[in-house]
Amino acid sequence: MNNFMDDRAVSEVVGFILIFGIVVLSIGMIYTVGYPILSSNMEASVFESSEQSFVVLQSNMETVAFNELPVKTMKFKLYSSSLGLSNKSNISIDYPGIDSSPHAIGTVEYGKNDKRIVYENGAVFKYYPGQRVVLTSAPAIFTSKLDSENITTITAIRTSGDSFQSGSGVSTLKMRHNNSNLTTTSSVDDLTITINSEFAKLWKEYLEENDFSISSSSPDHVVAHRNDTYLIYGEHLIDVDIN
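Converting from the sequence shown to the working numbering requires adding 921 to each position, the first position being numbered 1.
In structure tokens, the structure reads:
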């Protein structure tokens, strides 16, 4: 009788150890295999959410520019990421009556690990690892015809500022209208637009899709032409600050 009770007690202990070992092993496998997948999905979700925020930023920039708002703010949640400004890109318009000297465009850039989202001159670009870049929201550059006459509309939304923040928490991006100029022409002429930008390849593709001809291009430079066209050119300077 005593031996039977001892054997049953030993069996219960062995069974408990086996079950406990299986549970610990399962938790370890879930943590080892599942956690990286969950973490990756969370980061992808944060990045996609930031992309949508930049589409809203694009709309807010146009609102400040077109309505000449004195100030408008946006909140950005930083999940181990960064938000900054730079002035490394520029644009020039060669057309009678337009100042053809290069003007700094300015960029607003969000970065997380090796991914980036950039607002530049009314456009939103998304940068992935391996130099893969896509245009996720188009700029305000359009071409059309009226009674067989070419019309080109170019809106240059230039940002000015050099703020930068990184880490976690909430950043506030403040936009202030600085200056706006609108030029319309009463006769046709030849138009040349030059953009110096790290996204020159995508600017080239976009301009080609809008009936511009390309005379020169490189990874950081594009020159495009449209001949015999009326021009509607709006230039807006927006002061931007991040805190």
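Even glycine gets a Cβ: it sits at the ideal position worked out from N, Cα and C.
Residues near residue i by beta carbon distance below 7 Å, same chain, minus five either side
i	result
L1167	One cannot answer for residue 1167 here, as it falls past the ends of the chain, which runs 922 to 1164.
Y1049	K1036
F968	K1033 and K1036
Y1154	I1014, I1019, I1075 and T1104
L1158	R1079, S1081, N1099 and N1100
S1065	I1072
Y1016	D1110, L1112 and L1152
A1121	S1138, S1139, P1140, D1141, H1142 and V1143
Nearest residue (CA-CA) to residue i, options the options
i	options	result
K1033	S1058, A1025, Y1000 and S1084	Y1000
I1062	V944, K1125 and I1159	K1125
A1145	G1005, D1160, S1139 and T1113	T1113
P991	S971, M1096 and E983	M1096
L1067	S1010, D1083, S970 and V1109	V1109
E972	E983, E1130, Y1040 and N981	Y1040
E1119	S1058, D1141 and V1161	D1141
A1077	F1085, A1044 and G1051	A1044
V1091	N988, T994, S1069 and N1102	T994
S1089	E1070, F987 and K996	K996
E1070	A1025, Y1127, L939 and D1149	D1149
D1160	V945, A1025, F1133 and S1021	A1025
F1005	T1028, E983 and S1021	Phe is not the amino acid found at residue 1005; the sequence shown has Gly there. If we check each option's Cα against that of G1005, T1028 comes out closest.
L1128	F987, P1060, A986 and N1008	P1060
Boundaries (first-last residue) of the alpha helix (DSSP H) holding residue i
i	result
E1119	Element bounds for E1119: n/a, residue is neither H nor E.
Residue i versus residue j: straight-line alpha-carbon distance, rounded
i	j	result
S960	I1163	Its pLDDT being 49, under 50, S960 is placed unreliably by the model, and the measurement read from it follows with that caveat. Taking the straight line joining both Cα atoms gives about 28 Å.
S1003	T1093	12 Å
I1116	V1143	5 Å
S980	S1087	24 Å
L1152	K998	40 Å
T890	G1051	Missing from the structure shown is residue 890; the chain here goes from 922 to 1164 and no further.
S1010	I943	58 Å
L939	V945	10 Å
S1021	S970	38 Å
F885	R1147	Since the displayed the chain opens at 922 and closes at 1164, residue 885 lies outside it and no answer follows.
N1008	D1083	8 Å
M982	S1136	30 Å
S989	E1156	Correcting the residue identity first, residue 989 is Glu in this sequence and not Ser. Approximately 12 Å, taken between the alpha carbons.
Proximal residues to residue i (C-beta, below 8 Å), its chain only, five neighbours per side dropped
i	result
Y956	Unreliable placement is indicated for Y956, whose pLDDT of 44 sits below 50; the coordinate value is still reported in the next sentence. Contacts found: none.
Cβ neighbours of residue i in the same chain (closer than 6 Å, five flanking residues each side left out)
i	result
S1138	K1125
D1132	T1064
V985	K993, M1096, H1098 and I1159
S1134	H1146
Residue span of the beta strand (DSSP E) that contains residue i, given as start and end
i	result
T1064	I1062 to L1067
K993	K993 to S1007
T1057	R1053 to S1058
E1191	Missing from the structure shown is residue 1191; the chain here goes from 922 to 1164 and no further.
Y1016	Per DSSP, Y1016 belongs to no beta strand (DSSP E) and is neither H nor E.
N1071	E1070 to S1081
F1046	A1044 to Y1049
T1103	Note that residue 1103 is Leu in the sequence shown here, rather than Thr. First-last of the beta strand (DSSP E) with L1103: F1085 to T1105.
E1030	T1028 to K1033
V1039	K1036 to E1041
Expected contact under 8 Å - CB spacing of residue i and residue j to nearest Å
i	j	result
F975	Y1031	7 Å
P1023	I1038	That belief does not hold up - the Cβ atoms of P1023 and I1038 are roughly 25 Å apart, past 8 Å.
is_contact[residue i, chain C] using C-beta, thresh 9 Å
i	result
G1090	The structure shown contains no chain C; it holds only a single protein chain.
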